[in-house]
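Student:
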Amino acid sequence: MTDLEEIKSRLDIADIIRGYLHLEKAGANWKARCPFHNEKSPSFMVSSDKQIWHCFGCGEGGDVFGFLMKIDGLEFKEALKILAERAGVKLQRQPSGDYAKEKNKKEIFYEINEWATKFFEKQLWGGTPASKKIMEYLRGRGLKEETIKNFRLGYAPKEWRLLRKFLNSKGYKDGDVAEAGLIINSIRQPAEKIQNFDYHDRFRGRVMFPIADIQGRVAGFTGRVFDPLFTKEELEKQGKYVNSPETIVYNKSKILYGLDKAKLALRKKNVCILVEGNTDLIMSHQAGVENAVAVSGTALTEMQIGIIKRYTENLIIAFDNDEAGNLAAKRSIDLAMRGGLNVKVITIKGAKDPADILKEKDGALKWQTIIDSSQGVVDFYFGDVFLKYSADSAENKRKITQALLPVVRKVQNKVEQYHWLRVLAEHLNVREEFLIEALNSIKVKKTGSYGGTGEKNQAVETRDAAGENLIGLVIKYYESGHCDLNLPENLSFSDARFGEIYDCFLSIVKNGKKISDFYGELSDENGNLVKKMIFIVEKRWEDETLIKNDIDFLIKKIQFRKVKADLNCLALDIKKAEAEKNKKEIDLLKKEFQKLAEQLK
4 MTDLEEIKSR
14 LDIADIIRGY
24 LHLEKAGANW
34 KARCPFHNEK
44 SPSFMVSSDK
54 QIWHCFGCGE
64 GGDVFGFLMK
74 IDGLEFKEAL
84 KILAERAGVK
94 LQRQPSGDYA
104 KEKNKKEIFY
114 EINEWATKFF
124 EKQLWGGTPA
134 SKKIMEYLRG
144 RGLKEETIKN
154 FRLGYAPKEW
164 RLLRKFLNSK
174 GYKDGDVAEA
184 GLIINSIRQP
194 AEKIQNFDYH
204 DRFRGRVMFP
214 IADIQGRVAG
224 FTGRVFDPLF
234 TKEELEKQGK
244 YVNSPETIVY
254 NKSKILYGLD
264 KAKLALRKKN
274 VCILVEGNTD
284 LIMSHQAGVE
294 NAVAVSGTAL
304 TEMQIGIIKR
314 YTENLIIAFD
324 NDEAGNLAAK
334 RSIDLAMRGG
344 LNVKVITIKG
354 AKDPADILKE
364 KDGALKWQTI
374 IDSSQGVVDF
384 YFGDVFLKYS
394 ADSAENKRKI
404 TQALLPVVRK
414 VQNKVEQYHW
424 LRVLAEHLNV
434 REEFLIEALN
444 SIKVKKTGSY
454 GGTGEKNQAV
464 ETRDAAGENL
474 IGLVIKYYES
484 GHCDLNLPEN
494 LSFSDARFGE
504 IYDCFLSIVK
514 NGKKISDFYG
524 ELSDENGNLV
534 KKMIFIVEKR
544 WEDETLIKND
554 IDFLIKKIQF
564 RKVKADLNCL
574 ALDIKKAEAE
584 KNKKEIDLLK
594 KEFQKLAEQL
604 K
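Under the working numbering, the sequence shown is numbered contiguously, ending at residue 604.
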């Protein structure tokens, strides 16, 4: 038994996928909303018996390795290692070549980041005058010691090369530490020319926030400058926050701060609270609102939205109540709605952020109350624009309508749309019909709908669906004990693998062998493909009395497809012969064309 076979035999694919999606029983299988495309009704199916998954909405599918690779963005051998550990299987073969080098590099970076985290933690709890000041600062922000330890906060001393020396002492080379983003080439020379004294620590005099990936491994850091350690002139030369650069383990567009701790709560509560800062996130978790994640100093991205959708379709955005936070919230709203999320918005009165609220007396109760009173997207836009412009002049009325009519235009429900038109008309003191006329003239880009979803859930048919269904039905028919099919040879499939599978099956049948022999003849790839085909047809063809007729229909469809393709080629050949004025060739090609065309009648 190979490593892959042993891993699959020990794991139930449904248990693995259940760690990412909410699965519901569907006969002998399981169903869920697909995490890889926007859909309202579940079309993502999982078969524990066949150990495969398939989405009937977008056409994606595969085995447990394929699922983990796609949903976590892993290489095959990374998924193999994770599942082997989960199954308790010791891998017989070790990776080699370029992959081994990259794998080792990733492991080195994770090790470096882990040691750096331990270093920063030790510095914070070391009892030095500087660390005591930082602990006092953190407690002043409302953080408890247990929370500080849970999120592994730390302190990067102001010294230039303290972390570098520590990591060197653990056996890590400057080149790897620099590539991991923890030390900097201060004179910007090529790596091979850099002397030891040219490197210094990236993070100095900062409160350190380790950023973990979904599996809890430290992938990068955010460092907030601790003002009391620097002079005014020194502070002016550096940013308030410094983040790790992009590395092979840290991709800012894919990581959400706190997701490793929030993922279970996201599924349980079926809503994600998106905050702007690391401290907002930590304070929220400390208060018991654990279904919160943070964008951590970067704008919300499409990849992050895709990650959120693995856990929930509902998003509440709680960004800082300032101009920058307001703009970020609006960008995030449109991006999230394009991604198919149901969005609400939190607005906090006064110049406060969630961490400020949570630090107050009864802050946890206040924060939960604010979350529960989150606004719909249209409410948020109306409130924001009405606050920004008074309706006391024609110029301001024009600005208000320009800002809000496109928002109303996106409202899908006509009753709700009319409600907001009335609100706007009353606020501007104008007649509704004027607004309706202006509304109808607006062309809105497809950036998501407000007040509902305008989803189109159509199957992707770019694959050879007819060939896929035919092979699945034929095998299912024979497995049911029927042997009365007249299967033609030399069927033409657009996927070469289908041709290999079909020819192999014909050979088994004609030689009187058993179906079990057929599976033994297939490669691992084709064997998994056959399982997927059968899984698909079992879902679509529950009435076995229809199978034989549908097999005949699909055979004819594939044959006709081949004839049409041949006719197209002949038509091009005829045009070429006519251009060359080759009468003999023209006559031969036209006869052949006519003969083929008869087959379509």
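Backbone N, C-alpha and C define an ideal beta-carbon position, used for all residues, glycine too.
Identify every residue that forms a DSSP beta bridge with residue 611.
Tutor: The chain is shown from 4 up to 604; residue 611 falls before or after that span and cannot be answered.
Student: On a Cα-Cα basis, can you pick out the residue from 109, 476, 390, 471 that is closest to residue 223?
Tutor: Residue 223 has its Cα closest to that of 109, out of 109, 476, 390, 471.
Student: Under a Cβ-count criterion, where at least 16 other Cβ atoms within 10 Å of its own Cβ denotes burial, should residue 572 be classed as buried or exposed?
Tutor: Flag for residue 572 reads exposed.
Student: Is the segment 271-279 touching the segment 236-256, taking contact as three or more C-beta pairs under 8 Å?
Tutor: Taking 8 Å as the limit for Cβ pairs, the verdict is that the segment 236-256 does not touch the segment 271-279.
Student: Along the chain, where does the alpha helix (DSSP H) that runs through residue 277 open and close?
Tutor: No alpha helix (DSSP H) holds residue 277; the beta strand (DSSP E) holding it covers 275-278.
Student: In this structure, how does DSSP classify residue 508 when only helix, strand and coil are distinguished?
Tutor: Reduced to three states, the DSSP call for residue 508 is helix.
Student: Is DSSP giving residue 456 helix, strand or coil here?
Tutor: In this prediction, residue 456 scores a pLDDT of 40, lower than 50, which makes its location untrustworthy; no coordinate-derived value is stated.
Student: Please classify residue 471: does DSSP put it in a helix, a strand, or coil?
Tutor: In the structure shown, residue 471 sits in a helix (DSSP, three-state: H, G or I).
Student: Three-state secondary structure (DSSP) at residue 158?
Tutor: Note: residue 158 maps to strand in three-state DSSP.
Student: Identify, in the order they occur along the chain, each residue of the same chain with its Cβ nearer than 8 Å to the Cβ of residue 141, setting aside the five sequence neighbours on each side.
Tutor: Closer than 8 Å at the Cβ level, and outside the excluded window around residue 141, lie 151, 156, 210.
Student: Whole-angstrom Cβ separation of residue 535 and residue 64, contact assumed at under 8 Å?
Tutor: Right, the Cβ-Cβ distance comes to about 5 Å (below 8 Å), so this counts as a contact.
Student: Enumerate in chain order the residues of its own chain whose CB-to-CB distance from residue 184 is below 6 Å, with the five nearest sequence positions on each side excluded.
Tutor: Cβ neighbours of residue 184 beyond the five flanking positions: 247, 248, 250.
Student: Fully enclosed by the segment 381-434, which alpha helix (DSSP H) runs are 4 residues long or longer?
Tutor: You should have 397-412, 417-431.
Student: If contact is defined by three or more beta carbon pairs under 8 Å, each pair taking one atom from either stretch, is the segment 482-489 in contact with the segment 572-591?
Tutor: The segment 572-591, when compared against the segment 482-489, does not touch it at the 8 Å Cβ threshold.
Student: Of all the options 276, 287, 305, 225, which has the alpha carbon lying nearest to the alpha carbon of residue 257?
Tutor: Measuring from the Cα of residue 257, the nearest candidate turns out to be 305.
Student: Would you identify the three-state DSSP class for residue 235, choosing helix, strand or coil?
Tutor: In this structure, residue 235 counts as helix in the three-state DSSP scheme.
Student: Would residue 292 and residue 374 be called neighbours here (beta carbons separated by less than 9 Å)?
Tutor: Contact flag set, yes.
Student: So residue 297 and residue 259 are supposed to be a Cβ contact under 8 Å. How far apart are they, rounded?
Tutor: That pair is a contact at about 7 Å.
Student: Using only alpha-carbon positions, find the residue among 261, 83, 68, 16 that is nearest to residue 50.
Tutor: Among 261, 83, 68, 16, the Cα nearest to that of residue 50 is on 16.
Student: Quick check: residue 165 and residue 204, are their CB atoms within less than 9 Å of each other?
Tutor: In contact: residue 165 and residue 204 (Cβ atoms closer than 9 Å).
Student: Would you identify the three-state DSSP class for residue 445, choosing helix, strand or coil?
Tutor: DSSP places residue 445 in coil when its eight states are reduced to three.
Student: Is residue 590 buried or exposed, if buried means 16 or more other CB atoms sit within 10 Å of its CB?
Tutor: The residue in question, residue 590, is exposed, as its Cβ has fewer than 16 Cβ neighbours within 10 Å.
Student: Please classify residue 79 as buried or exposed, where buried requires at least 16 neighbouring CB atoms within 10 angstroms.
Tutor: The residue is exposed, with fewer than 16 neighbouring Cβ atoms inside 10 Å.
Student: Starting from residue 28 and walking both ways along the beta strand (DSSP E), at which residues does that stretch end?
Tutor: From DSSP, the beta strand (DSSP E) with residue 28 extends over 27-29.
Student: Alpha helix (DSSP H) containing residue 523: first to last residue?
Tutor: Run containing residue 523: 518-524, per the alpha helix (DSSP H) assignment.
Student: Just checking my contact of residue 47 with residue 58 at CB under 8 Å: how many whole Å lie between their CB atoms?
Tutor: Their Cβ separation, rounded to whole angstroms, is 5 Å, which keeps residue 47 and residue 58 in contact under 8 Å.
Student: Quick one, which of 160, 148, 181, 35 has its alpha-carbon nearest residue 134's?
Tutor: Measuring from the Cα of residue 134, the nearest candidate turns out to be 160.
Student: Here's the rule: buried if 16 or more other CB atoms are within 10 angstroms of the residue's CB, otherwise exposed. What is residue 352?
Tutor: Classification for residue 352: exposed.
Student: Rounded to whole angstroms, how far is the Cβ of residue 309 from the Cβ of residue 261, which I believe are closer than 8 Å?
Tutor: Between residue 261 and residue 309 the Cβ distance is about 17 Å, and since that is not below 8 Å, they are no contact.
Student: Buried or exposed for residue 471, please, with buried defined as at least 16 other CB atoms from any protein chain shown within 10 angstroms of its CB.
Tutor: Under this definition residue 471 is a buried residue.
Student: Checking the sheet assignment: what are the DSSP bridge partners for residue 203?
Tutor: For residue 203, which the question treats as bridged, DSSP gives the partners 187.
Student: Taking the alpha helix (DSSP H) that residue 168 belongs to, which residues open and close that run?
Tutor: Residues 165-172.
Student: For the structure I just gave you, are there three or more beta carbon pairs, one from the segment 115-134 and one from the segment 30-41, closer than 8 Å?
Tutor: Short answer: they don't touch.
Student: Using the Cβ count rule (16 or more neighbours within 10 Å means buried), how would you classify residue 280?
Tutor: With 16 or more other Cβ atoms within 10 Å, it is buried.
Student: Straight-line CA distance for residue 131 to residue 125?
Tutor: Looking at the two C-alpha atoms, the distance is approximately 11 Å.
Student: Where DSSP assigns a beta bridge to residue 58, which residues make up the other side?
Tutor: DSSP lists 47 as partners of residue 58.
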